[in-house]
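> Got a structure for you, written out below as structure tokens; questions coming shortly.
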Amino acid sequence: MTKSPWTRRHFLTSTSLAAASAAAGTSLSQPAPVRAADGASDAERSVDVLVCGGGPAGMAAAVLAARGGAKVLLVERYGRLGGMAVHARVAPLMGHSASPFVREVLDRIGGVRFDPDRLDLQYAELAEEAGAELLLHAWACQTLLDGNRVAGARFVSKQGMLNVRAKVTVDATGDGDVAFGAGAEYEQGREGDGLLQPMSIMYTVAGLDDARAIYCGSEEQAQKLLIEGRSWEAIVQSAQQAGQLPGNVGVVRTYRTSRPGEAAINATQINYVDGTKVHDLTKAELEGRRQAFQILDFLRKHAPGYENAYIAGMPAVVGVRETRRILGRDYLTRDDLIAGRRRDDAVVRAASFVIDIHNPDGAGQAQGLAERVKPYDIPYGCLVPKTVDGLLVAGRCISGSHEAHASYRVQQIAMALGSAAGAAAALATQSNTLPRDVDVTQVQTALALPS
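Residue numbers (our numbering): 1137 to 1587.
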């Protein structure tokens, strides 16, 4: 039996997110003085590539880095991989790109309508088959620095503290936590007032009459879907006026799932909250669940086929759309998306999803900012932080504007970004170079991207 690098004494060290570490050299925020138990020390690990976060971006990064020959450790704070798809039940897997790896994953899991209770295992199997090591239930609480280079991360768990040293670190936390801890520059929220897209509790209901159940996935569909001569949009608005629905719920979206008699509901909306602040997250968790039951009552009364519906699956965490966007050596804009700009240095090709801004200070989508895009490319520089070395970011925290983020934040594009980060990380370790110096053409070759 392999002996754990942790001992009981490690548990006695501080587990604060702001804990100071002289060896680490930095923390996620201004550190407060702490006193470790006498004789306690951190456990230590060394790998080629450290991936922080086990969502679609983190899973993809771990797989591609391991396939590229790197020694990889993927660390996830929860007990399951899958990110928002599993923990927040965000479905289906939206977005599109010309990523061979994303197509491989979709073929394996059965398409965009996945089973959230199986997806985590499917992701884990992909990572382990590639040769990546997984560590669950450990939270990245501190960024390790060697000068201006990210040298890994410090994790807290029930066993204590673990320092993981890495040649290259991939931040796939969604919130850019590792990059933030390294002092990387970032943007947050929309220009002008800094407000973020609202959070949502997305859940599943079962007990539907499949022959009669309605499904509505957008504002446009809500205007066209008629029930006894009235549009779904008008029915929702009348319910709001009668106090049956929260006033900031724009559209009650319902999607088919992979299971008969079941629908995924995307309708709750919690405004004026920040996913990097725990008090805001607490507020969003509670308010979102209250809204979920209110919307269930509405569906039972007004939606054909939902008369006997009940909540079959409530998420473990609230769904967060937007937090930090780490400024990189390149920057994606709304104009790039609208024009469908192509790039020679692209590591994601033909990305496509509507600019989907849920109104930061009102109901539904932000007026005038729900826009269709042309398939666009994402350049490698959007994954490379501008002010720190040794680090790549992947997923919704890459470099781009508030508007561009509203398109590339979805899960299929996040997965494509993760695969690019993983391939680049493996190449950097093999050539003993910094991620910013990796030959992009070699990344494109490793990803088998179409020209």
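Where is the CB? At the ideal position from N, CA and C, for every residue including glycine.
Use the C-beta contact count for K1303: other C-beta atoms within 10 angstroms, 16 or more gives buried, fewer gives exposed.
Along the sequence shown, read from residue 1 onward, the residue named residue 1303 stands at position 167. Answer is buried; the Cβ neighbour count reaches 16.
> Could you please give the first and the last residue of the uninterrupted alpha helix (DSSP H) stretch that includes V1187?
Position 51 of the sequence shown, counting from 1, holds the residue named residue 1187. Looking at the DSSP string, V1187 is not in any alpha helix (DSSP H); the run it does join, the beta strand (DSSP E), is 1179 to 1188.
> Expressed to the nearest angstrom, what Euclidean distance is found between the alpha-carbon atoms of T1418 and A1452?
Reading the sequence shown from its first residue, position 282 is the one you call residue 1418. Reading the sequence shown from its first residue, position 316 is the one you call residue 1452. The straight-line gap from Cα to Cα measures roughly 12 Å.
> Thinking C-alpha only, which one of G1343, Q1580, M1297 is nearest A1080?
Only positions 1137 to 1587 of the chain appear in this structure, which leaves residue 1080 out of reach.
> Curious, which full-length alpha helix (DSSP H) runs of at least 4 residues does the segment 1334 to 1416 contain?
Counting only runs of 4 or more, we get 1355 to 1360, 1368 to 1377.
> Can you list, in chain order, the residues of its chain whose CB lies under 7 Å from that of G1531, leaving out five sequence neighbours each side?
Taking the first residue of the sequence shown as position 1, residue 1531 is located at position 395. G1191, A1193, A1308, G1310, A1550, L1553, G1554, listed in sequence order.
> With a threshold of 6 Å on Cβ separation, who are the neighbours of I1350 within its own chain once the five nearest residues in sequence on each side are excluded?
Against the sequence shown, residue 1350 aligns to sequence position 214. Taken in chain order, the residues that qualify are A1439, P1440.
> Indicate the three-state DSSP secondary structure (helix, strand or coil) for Q1324 in the structure shown.
Translated into positions along the sequence shown, residue 1324 becomes position 188. Looking at Q1324 - three-state DSSP - the assignment turns out to be strand.
> In or out: N1568 buried (at least 16 other Cβ within 10 Å) or exposed?
Reading the sequence shown from its first residue, position 432 is the one you call residue 1568. So N1568 ends up on the exposed side.
> Report yes if the C-beta distance between V1211 and L1255 is below 8 Å; otherwise report no.
As a first step, residue 1211 is located in the sequence shown; it is residue number 75 there, counting from the start. As a first step, residue 1255 is located in the sequence shown; it is residue number 119 there, counting from the start. Not closer than 8 Å, so no.
> Does the segment 1310 to 1324 touch the segment 1458 to 1468, meaning 3 or more C-beta pairs lie closer than 8 Å?
The segment 1458 to 1468 is in contact with the segment 1310 to 1324.
> Apply the 10 Å Cβ neighbour rule to P1577 and answer buried if 16 or more other Cβ atoms are within range, or exposed otherwise.
Residue mapping note: residue 1577 aligns to position 441 of the sequence shown, counting from 1. A quick correction: the sequence has Thr, not Pro, at residue 1577. Burial call: exposed.
> Going by C-alpha to C-alpha distance, which of L1262, R1249, Q1547, E1240 sits closest to V1199?
In the sequence shown, the residue the question calls residue 1199 occupies position 63. Here the closest residue by C-alpha is L1262.
> Expressed to the nearest angstrom, what Euclidean distance is found between the alpha-carbon atoms of D1184 and L1570?
Along the sequence shown, one-based indexing puts residue 1184 at 48. Along the sequence shown, one-based indexing puts residue 1570 at 434. Using only the alpha carbons, I get a separation of about 12 Å.
> How is T1565 classed by DSSP in three states: helix, strand or coil?
As a position in the sequence shown, residue 1565 is number 429, starting the count at 1. It is helical.
> Taking the alpha helix (DSSP H) that S1543 belongs to, which residues open and close that run?
As a first step, residue 1543 is located in the sequence shown; it is residue number 407 there, counting from the start. First-last of the alpha helix (DSSP H) with S1543: 1538 to 1544.
> Nearest-angstrom Cα distance between Q1548 and G1397?
By 1-based counting over the sequence shown, the position of residue 1548 is 412. By 1-based counting over the sequence shown, the position of residue 1397 is 261. Straight-line Cα distance between these residues: approximately 26 Å.
> Starting from Q1278, follow the beta strand (DSSP E) in both directions and report where the run begins and ends.
For the purposes of this step, residue 1278 is identified with residue 142 of the sequence shown, where counting begins at 1. It spans 1275 to 1282 - the beta strand (DSSP E) in which Q1278 sits, taken as one unbroken run.
> Should S1488 and G1231 be called a contact, given that it needs their Cβ atoms to be closer than 8 Å?
Working through the sequence shown from its first residue, we reach residue 1488 at position 352. Working through the sequence shown from its first residue, we reach residue 1231 at position 95. Cβ atoms of S1488 and G1231: closer than 8 Å.
> Rounded to whole angstroms, what's the CA-CA distance from G1218 to M1195? Just pull it up for me.
What you label residue 1218 is simply residue 82 of the sequence shown in a count that begins at 1. What you label residue 1195 is simply residue 59 of the sequence shown in a count that begins at 1. Cα to Cα, G1218 sits roughly 8 Å from M1195.
> Pull up the DSSP beta-bridge partners for G1455, would you.
Within the sequence shown, numbered from 1, the residue matching residue 1455 stands at position 319. The partner list for G1455 (beta bridge, DSSP) reads S1336.
> Throw me the rounded Cβ distance for the G1500 and V1456 pair, which I believe falls under 8 Å.
Locating residue 1500 in the sequence shown gives position 364, counting from the first residue. Locating residue 1456 in the sequence shown gives position 320, counting from the first residue. About 18 Å; that fails the 8 Å criterion.
> Looking only at C-alpha atoms, which of L1242, S1182, M1338 sits nearest to A1206?
Within the sequence shown, residue 1206 is the residue found at index 70, counting from 1. Nearest of L1242, S1182, M1338 to A1206, Cα basis: S1182.
> Assuming R1203 and Y1339 are in contact, meaning their beta carbons sit under 8 Å apart, how far apart are those beta carbons, in whole angstroms?
If you number the sequence shown from 1, residue 1203 lands on position 67. If you number the sequence shown from 1, residue 1339 lands on position 203. The Cβ separation is near 35 Å, so there is no contact.
> Just to confirm, are V1509 and I1534 a CB contact at a threshold of 8 Å?
Residue 1509 sits at position 373 when you count from the first residue of the sequence shown. Residue 1534 sits at position 398 when you count from the first residue of the sequence shown. Not in contact: V1509 and I1534 (Cβ atoms no closer than 8 Å).
> DSSP three-state call for Q1547: helix, strand or coil?
Translated into positions along the sequence shown, residue 1547 becomes position 411. Three-state DSSP puts Q1547 in a helix.
> Which word fits T1581, buried or exposed, when buried means at least 16 other C-beta atoms lie within 10 angstroms of its C-beta?
The residue you call residue 1581 lines up with position 445 of the sequence shown. T1581 is exposed by the Cβ-count criterion.
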